[in-house]
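Residue numbers (this note's numbering): 25 to 533.
Below, the structure is given as structure tokens:
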């Protein structure tokens, strides 16, 4: 787990400077894309280093906008790249051939004290609404409220690292009592609801932190009408199985939203800013950023937060304030944490900053040396994205790295195969993707694919259709990989419309 000294925000900057000398550096690329720039395919090759294969790759898409993050370690130690620098991070906007695209390259001197064991983690699902993702400005502020409450709960009581946080995600409803054992009664979920999924790292013997975390989250959920579920870690249970703590209370949620943010516009946003906060992984950094955003009344439509090679990447889609829509041209910039949050508040905050608080304290927090990468404004086709009901498919794979994977990624291959089933599938896209290049030369990954079915499929027949579609697409995708001269014994691929099935059945060729 993390060094206890870094758990105190006031010591974070001092510890960062002290650890800089001799600490290893990690290179990264971050791309922001949307309707104005195009949405490139997911791949393992960093855009600014096409001769390299990224050690870790993350992709996140929602409503026509998205992020891709690549990290890798240089072959030989190197100094920080030219660009805007602090003591531990250098980052610059990359010129993509004169095209105004949000593409950034940089490197970070990692925090050597940020250690964790994912085996002793706890995963939480907080649900604001089970219906498909359709946030208004008031809902976006409720999402920020939930994000702030969840990260603050993790940071309290000496702190625990947030290893992963994602929204929107597929919400979960408990099946009927007669189906609780094998999950056979679980209905197909919607691909994206107003729900947040968080993974928090815990020390093996820190039972008190686990209890205090759940108590804080239960209080947050009760007060605001959120649903709360925790990953079921009992013997024989796998990822994707949940233990319900509190059901979502729609009436309480609506009353709380009206009480806190009844003044916010009751419309859906039409323009957004894409933000990435990047810096050395450190306890309390996301909580500090969340608190600052909430204090400035900045809403959130989506967030994807991950730790990759000891670097924290917090990717956000935030709506522009109605008064700011149409005033600016598309641009990209890299800013300090104070300037980045200040500009975000002026463009996306729903009240004047002076009406919220007089001075930001983010520079005296664990995120003090973070950089803010900003691209926008963008106009995602949110209304079109909401038109179809989409169902999530979960994919996991493990294949040897080869020239074939440099041309076409496994998840993109599966999407191509699904789109070929025109008699059943109307659309398919990758919503979330995470892949790692392992030391022995294998690429292992997981992805969530959102699929919309053709019109006219009765609701009662959707489970059967998905149960036929997944093994067919799995089989055809494996066949495509074998055509690339990959040995069958080395290919592991599994596609399922219930996340728990990946763990219960294993990953099979």
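C-beta atoms are modelled at their ideal positions from N, C-alpha and C, and glycine is treated no differently.
Sort the options by Cα distance to residue i and report the nearest one.
i	options	result
residue 294	330, 307, 347	347
residue 79	499, 425, 270	425
residue 338	258, 329, 190	329
residue 266	114, 315, 62, 194	194
residue 282	180, 343, 161	161
residue 116	312, 185, 508, 360	360
residue 335	466, 259, 97	97
residue 344	321, 357, 331, 238	321
residue 305	398, 447, 112, 285	112
residue 178	153, 308, 459	308
residue 493	484, 507, 520, 185	520
residue 174	144, 236, 131, 197	236
residue 8	459, 445, 467, 495	Given a span of 25 to 533 for the chain in the structure shown, any question on residue 8 remains unanswerable.
residue 507	484, 472, 429	429
residue 470	452, 421, 431	421
residue 85	198, 516, 64, 510	64
residue 77	284, 431, 418	431
residue 257	90, 48, 412, 145	145
I need the DSSP call for residue i, collapsed to helix, strand or coil.
i	result
residue 426	coil
residue 72	coil
residue 489	helix
residue 164	helix
residue 115	strand
residue 431	helix
residue 217	strand
residue 534	Outside the displayed range of the chain (25 to 533) lies residue 534, so it cannot be described from this structure.
residue 171	helix
residue 294	coil
residue 523	helix
residue 320	coil
residue 85	strand
residue 375	coil
residue 350	coil
residue 389	coil
residue 510	coil
residue 103	Because the pLDDT at residue 103 is just 48, under 50, the model does not fix this residue reliably, and the point stays unresolved.
Less than 6 Å between C-beta atoms, sequence neighbours within five positions excluded: which residues of the same chain meet that for residue i?
i	result
residue 272	151, 251
residue 214	156
residue 60	354, 402
residue 527	262, 263
residue 164	323, 324, 325, 343
residue 313	301, 391
residue 352	401
residue 53	70, 71, 72, 94, 129
residue 460	80, 468
residue 248	280
Can you name, in chain order, every residue of its own chain whose Cβ lies under 7 Å from the Cβ of residue i, other than the five neighbours on each side?
i	result
residue 157	192, 216, 217, 218
residue 118	72, 127, 128, 129
residue 212	415, 486, 487, 490, 521
In chain order, what residues of the same chain lie with their CB nearer than 8 Å to the CB of residue i, ignoring the 5 residues before and after it?
i	result
residue 66	81, 83, 92, 433, 435, 436, 454, 457
residue 233	181, 182, 184, 226, 227
I want to check one thing, is the minimum distance from the CB of residue i to the heavy atoms of the ligand HEM below 7 Å?
i	result
residue 354	In the structure shown, the ligand HEM is absent, as is every other ligand, since no ligand is present at all.
Between residue i and chain C, is any beta-carbon pair separated by less than 8 Å?
i	result
residue 413	The structure shown contains no chain C; it is built from a single protein chain.
Could you pull the DSSP bridge partners for residue i from this structure?
i	result
residue 313	According to DSSP, residue 313 bridges with nothing at all.
residue 300	339, 397
residue 56	91, 126
residue 331	336
Unbroken alpha helix (DSSP H) runs of length 4 or more, entirely within the segment 443-507: which are they? 486-507
3 or more residues per run - each beta strand (DSSP E) lying fully within the segment 233-266: The beta strand (DSSP E) runs of length 3 or more contained entirely in the segment 233-266 are, from start to end of the chain, 251-255.
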